[in-house]
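Enquirer:
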Amino acid sequence: MKRENISYWTESAKVSQFPALNQDIRTEVLVIGGGIAGILAAYRLAEAGHKVVLVEGRKLVQETTANTTAKITAQHHLMYQEILKAQGEEKAKAFYQSQADGIEAIEDLVEKHGIDCDFEKMSSTQVTDGSNEKVIRAEYDAYQTLGIKSRLHEEDLGLPFKTTLGLEMPDQAQFHPVKFLAGVIDAAVKLGVTFYEETLITELGKIRAVTDKGQTIHFEKAVMATHFPVNHLKNNYMSQLQIERSYIVAADGMDIPHGMFQTVDTPKRSLRHYHTEKGIGVLVGGENHITGTKDHTEEAYEKLSEFAFENFKGNITGQWSAQDMMTVDHMPLIGQYDKQDPNLYVITGFNKFGMATAATAAQLISDLISRQHNLYEELFRPERINTLGNQAKALGKQMIDAVKGETLALKDYSTDTSKLERGDGGIFNIEGKLQAVYKDDEGNEHHVSPFCTHLGCVIKFNGAEKTWDCPCHGSRFDREGCVLEGPAAKDLK
Ligand SMILES: Cc1cc2nc3c(=O)[nH]c(=O)nc-3n(C[C@H](O)[C@H](O)[C@H](O)COP(=O)(O)OP(=O)(O)OC[C@H]3O[C@@H](n4cnc5c(N)ncnc54)[C@H](O)[C@@H]3O)c2cc1C
Ligand code: FES
-3 MKRENISYWT ESAKVSQFPA LNQDIRTEVL VIGGGIAGIL AAYRLAEAGH
47 KVVLVEGRKL VQETTANTTA KITAQHHLMY QEILKAQGEE KAKAFYQSQA
97 DGIEAIEDLV EKHGIDCDFE KMSSTQVTDG SNEKVIRAEY DAYQTLGIKS
147 RLHEEDLGLP FKTTLGLEMP DQAQFHPVKF LAGVIDAAVK LGVTFYEETL
197 ITELGKIRAV TDKGQTIHFE KAVMATHFPV NHLKNNYMSQ LQIERSYIVA
247 ADGMDIPHGM FQTVDTPKRS LRHYHTEKGI GVLVGGENHI TGTKDHTEEA
297 YEKLSEFAFE NFKGNITGQW SAQDMMTVDH MPLIGQYDKQ DPNLYVITGF
347 NKFGMATAAT AAQLISDLIS RQHNLYEELF RPERINTLGN QAKALGKQMI
397 DAVKGETLAL KDYSTDTSKL ERGDGGIFNI EGKLQAVYKD DEGNEHHVSP
447 FCTHLGCVIK FNGAEKTWDC PCHGSRFDRE GCVLEGPAAK DLK
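Numbering of the sequence shown is given in the numbering used here, commencing with residue -3 and proceeding in unit increments.
(1) Taking the alpha carbon of V57 as the point to measure from, which residue in L430, K175 and Y341 has its own alpha carbon closest?
(2) Grab me the residues of F257's own chain with a C-beta within less than 7 angstroms of its C-beta, minus the 5 sequence neighbours each way, in chain order.
(3) Within 10 Å of its beta-carbon, does Q315 have 16 or more other beta-carbons around it, so buried, or fewer, so exposed?
(4) Assuming M351 is part of the alpha helix (DSSP H), what are its boundary residues?
(5) Could you spell out the range, first to last residue, of the beta strand (DSSP E) harbouring D412?
(6) Check whether the Cβ atoms of I213 and A205 lie closer than 8 angstroms to each other.
(7) Tell me whether Q336 is buried or exposed, calling it buried when 16 or more other Cβ atoms sit within 10 Å of its Cβ.
(8) Report the three-state DSSP secondary structure of N440 (helix, strand or coil).
(9) Rounded to whole angstroms, what's the CA-CA distance from D291 to K489? Just pull it up for me.
(10) Might you give, ordered along the chain, the residues of its own chain that have their beta carbon closer than 6 angstroms to the beta carbon of Q394, omitting 5 neighbours on each side?
(11) Look up A398 in the DSSP assignment and say whether it is helix, strand or coil.
(12) So is the beta-carbon of H326 under 7 angstroms away from any non-hydrogen atom of ligand 2?
(13) Starting from R40, trace the beta strand (DSSP E) both ways and give me its first and last residue.
(14) Ligand 1 and F58: does any heavy atom of the ligand fall closer than 7 angstroms to the residue's C-beta?
(15) Select from E481, Q211, D97 and T160 the residue whose C-alpha is nearest the C-alpha of S317.
(16) Give me, in chain order, the residues of the same chain whose beta-carbon lies closer than 6 angstroms to that of R147; leave out the 5 immediate sequence neighbours on both sides.
(17) Within 8 angstroms, do at least three Cβ pairs link the stretch 79 to 94 to the stretch 362 to 376?
(18) Would you call the CB atoms of P173 and T287 closer than 8 angstroms?
(19) Looking at V260: is its Cβ nearer than 8 angstroms to the Cβ of A304?
(20) Going by DSSP, what residue range makes up the alpha helix (DSSP H) through Y297?
(21) Going by the C-beta, is P225 closer than 7 angstroms to any heavy atom of ligand 2?
(22) Which parts of the stretch 179 to 267 are runs of the beta strand (DSSP E), unbroken and 3 residues or longer, counting only runs that do not cross its ends?
(23) Can you look up S3 in the DSSP assignment and give me helix, strand or coil?
(24) Look at Y76 and I144 and say whether their C-beta atoms are less than 8 angstroms apart.
(25) Per DSSP, what kind of secondary structure is G98 in: helix, strand or coil?
(26) Does the pairing of the stretch 192 to 209 with the stretch 42 to 57 give three or more beta-carbon distances under 8 angstroms?
(27) Leaving out five residues on either side along the sequence, give the residues of the same chain with a beta carbon under 6 angstroms from the beta carbon of K400.
(28) So, are the CB atoms of L329 and T344 less than 8 angstroms apart?
(29) Nearest to H450 by CA position, among G421, E199, Q431 and K309, is which residue?
(30) Only counting the same chain, and skipping five residues up and downstream in sequence, which positions put a Cβ closer than 7 angstroms to that of A38?
(31) I need the boundaries of the alpha helix (DSSP H) containing Y372, first residue and last residue.
(32) Of all the options E150, S3, Q71 and Y341, which has the alpha carbon lying nearest to the alpha carbon of Y139?
(33) Assign E306 to buried or exposed, taking buried as 16 or more other Cβ atoms, counted over all protein chains shown, within 10 Å of its Cβ.
(34) Does the Cβ of A33 lie closer than 7 angstroms to at least one heavy atom of ligand 1?
(35) When you compare only the Cα positions, how much space is there between N18 and I197?
(36) Measure the beta-carbon distance from V278 to I312 and round it to whole angstroms, keeping in mind my assumption that it falls under 8 angstroms.
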């Protein structure tokens, strides 16, 4: 299994390691997925007195959580004006409060367990070069209506590019996500959580799960913190989730004014500083697209590097990318999976704001399983997506459009692989059969089936990561077709 572009977070932190499950077991609560959502949920459930087992299909904290920008913030782009308009004042206020609670919960965990993870309180600011002042002012108005503490900056903010207006939300935070979760994992072990790595769940029933190696886990409750839920096929609403990739470059040797920043102009850039052994560096994020739909993805790193170099003059020391689940109403799906399966719970749809949200989700799941009241049960109830009608349909259509391009007749695919460049991949018609072909640096061709082993969508080559990505639910495979990221559990043939 080949991995390119390892994040700074992964390179600079050590996480405790755990064995793979090698026998059938029973537990009260099974948490599936070892990213921030699963780990914090396991911690909270154990804290509430439950017997918890967490299984991770690969290694703990290796997927999206290890490749994030790690801003812990309630400032989600310019989303409050939209939420206010679509869902009203009460829900918009509750949503803001859920994020503020998440920030506080992370701060408390850092303090309680003395976790050394570069946690810093600071503000988050949306800025424009003048071309989007109107939407920033509209967002400010929404903040005023919702009582969100903020400051509008009409003066220069000291960034190395032109800004004419900034909307600051104070009391946000940032951290090193892998160091933080390494500390939470150790604390969870002390609370009695049992962790298993390299234990992929391939079947999930009402009271038992089966792993890829055939072991059975009997449970009373199971929590899917796996991005795309393991049991998605039972529910239409899960087909409304969309998966989106984003890219990050790390530039050493330069700092930005204190705070986290996001440009609202096109192309959007997300900025924060981070600590390295050599001093301070800057992370620049952006270049979002639906997974498995974009040609020449390697340009994403080129564009971010150009921006970082032009503005910060630093050396580019790292690059990485990841993907997250997006929902139609910009709110996460957290809670009981559906009424027919009362033992199953889901945490997904973080819309690229999973840090504070995961902390709130962990408390919500723990409260639901412990039958305690929680303020956010209705707001984040997963089944609400069924009632979002046209918005949900639009997202479904977008997804269909995303794959349509690849599902044309066989005759529309080239039969000639000779023009394929070294280091590139594409879908070809080889003797009447569609094949995914990767040409390595020596010019050798590697052929695999182009049909995703999850539900059969046609994969697309991702030049930035040298992987095969599926546009339907985000499964990813390496050049030889081995699964890197689910929901697919089987390698390409
Ligand atoms: C580029 C980028 C930048 C971002 N920046 C920010 C930011 O600044 N601030 C912010 O708040 N959010 C940010 N986000 C979003 C945030 O990083 C994510 O929402 C969050 O990390 C998702 O956590 P997770 O636990 O749901 O997923 P993951 O970290 O991906 O964890 C899911 C885990 O489940 C495991 N798994 C899957 N299927 C199975 C199975 N069948 N059996 C067992 N295990 C399984 C996977 O191996 C994986 O380890 C960003 C996202 C991206 C892509
Ligand atoms: S990830 Fe579902 S079909 Fe590929």
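C-beta: ideal position from N, C-alpha, C; glycine also. All values reported here derive from a predicted model rather than from experimental measurement.
Expert: Let's see:
(1) Looking up residue 57 in the sequence shown gives position 61. Selected option, being the one with the closest Cα: K175.
(2) Here residue 257 corresponds to residue number 261 of the sequence shown, with the count starting at 1. For F257, where only same-chain residues beyond five positions count, the Cβ hits under 7 angstroms are T121, V123, L155 and L267.
(3) Locating residue 315 in the sequence shown gives position 319, counting from the first residue. So Q315 ends up on the buried side.
(4) Locating residue 351 in the sequence shown gives position 355, counting from the first residue. That run of the alpha helix (DSSP H) goes M351 to I365.
(5) The residue labelled residue 412 in the question sits at position 416 within the sequence shown. That residue, D412, is in no beta strand (DSSP E); it is neither H nor E in DSSP.
(6) By one-based count along the sequence shown, residue 213 stands at place 217. By one-based count along the sequence shown, residue 205 stands at place 209. Contact: yes.
(7) To locate residue 336, count along the sequence shown from 1; it is residue 340. Classification of Q336: exposed, given that the 10 Å Cβ count is below 16.
(8) In the sequence shown, counting from the first residue as 1, residue 440 sits at position 444. In this structure, N440 counts as coil in the three-state DSSP scheme.
(9) Here residue 291 corresponds to residue number 295 of the sequence shown, with the count starting at 1. Here residue 489 corresponds to residue number 493 of the sequence shown, with the count starting at 1. Using only the alpha carbons, I get a separation of about 24 angstroms.
(10) Within the sequence shown, residue 394 is the residue found at index 398, counting from 1. With a pLDDT of 47 at Q394, under the threshold of 50, the modelled position of this residue cannot be trusted; read the value that follows with caution. If we look at Q394 and ignore the five residues flanking it on each side, it has no Cβ neighbours.
(11) Here residue 398 is taken as the residue at index 402 of the sequence shown, counted from 1. Low local confidence applies: a pLDDT of 48 at A398 is under 50, so the model's placement there is unreliable, with the coordinate-based value given in what follows. DSSP places A398 in helix when its eight states are reduced to three.
(12) Stepping through the sequence shown from its first residue, residue 326 is reached at position 330. No, the beta carbon of H326 sits no closer than 7 angstroms to any heavy atom of ligand 2.
(13) For the purposes of this step, residue 40 is taken as the residue at position 44 of the sequence shown. That residue, R40, is in no beta strand (DSSP E); its alpha helix (DSSP H) goes I32 to E43.
(14) Indexing the sequence shown from 1 puts residue 58 at position 62. Note that residue 58 is Gln in the sequence shown, not Phe. The answer is yes for Q58.
(15) Counting from one through the sequence shown, the residue named residue 317 turns up at place 321. Checked all of E481, Q211, D97 and T160; the closest Cα to S317 is E481.
(16) Here residue 147 corresponds to residue number 151 of the sequence shown, with the count starting at 1. Around R147: E164.
(17) yes
(18) The sequence position of residue 173 within the sequence shown is 177, counting from 1. The sequence position of residue 287 within the sequence shown is 291, counting from 1. Taking 8 angstroms as the Cβ cut-off, P173 and T287 do not qualify as a contacting pair.
(19) Looking up residue 260 in the sequence shown gives position 264. Looking up residue 304 in the sequence shown gives position 308. No.
(20) Against the sequence shown, residue 297 aligns to sequence position 301. Its alpha helix (DSSP H) spans residues E294 to F308.
(21) Numbered from its first residue, the sequence shown carries residue 225 at position 229. No - ligand 2 has no heavy atom lying nearer than 7 angstroms to the Cβ of P225.
(22) 190 to 192, 197 to 200, 204 to 207, 212 to 220, 238 to 248 and 256 to 259
(23) Along the sequence shown, one-based indexing puts residue 3 at 7. Here S3 sits in coil by DSSP.
(24) Position 80 of the sequence shown holds residue 76. Position 148 of the sequence shown holds residue 144. Closer than 8 angstroms, so yes.
(25) For the purposes of this step, residue 98 is taken as the residue at position 102 of the sequence shown. If DSSP states are grouped into helix, strand and coil, G98 belongs with the helices.
(26) yes
(27) Within the sequence shown, residue 400 is the residue found at index 404, counting from 1. A caution first: K400 carries a pLDDT of 48, below 50, which makes its placement in the model too unreliable to give a value.
(28) Here residue 329 is taken as the residue at index 333 of the sequence shown, counted from 1. Here residue 344 is taken as the residue at index 348 of the sequence shown, counted from 1. Against a cut-off of 8 angstroms, the Cβ pair of T344 and L329 comes out as a contact.
(29) Locating residue 450 in the sequence shown gives position 454, where the first residue counts as 1. With distances taken between Cα atoms, H450 lies closest to E199.
(30) In the sequence shown, the residue the question calls residue 38 occupies position 42. V27, V48, L50, A184 and V189, listed in sequence order.
(31) As a first step, residue 372 is located in the sequence shown; it is residue number 376 there, counting from the start. That residue, Y372, is in no alpha helix (DSSP H); it is neither H nor E in DSSP.
(32) Numbered from its first residue, the sequence shown carries residue 139 at position 143. Per the Cα distances, Q71.
(33) In the sequence shown, the residue the question calls residue 306 occupies position 310. So E306 counts as exposed.
(34) Locating residue 33 in the sequence shown gives position 37, where the first residue counts as 1. Yes - ligand 1 has a heavy atom lying nearer than 7 angstroms to the Cβ of A33.
(35) Along the sequence shown, read from residue 1 onward, the residue named residue 18 stands at position 22. Along the sequence shown, read from residue 1 onward, the residue named residue 197 stands at position 201. If you take the alpha carbons of N18 and I197, they lie about 13 angstroms apart.
(36) As a first step, residue 278 must be located in the sequence shown, where it is residue number 282. As a first step, residue 312 must be located in the sequence shown, where it is residue number 316. Not really, about 10 angstroms apart at Cβ, beyond 8 angstroms.
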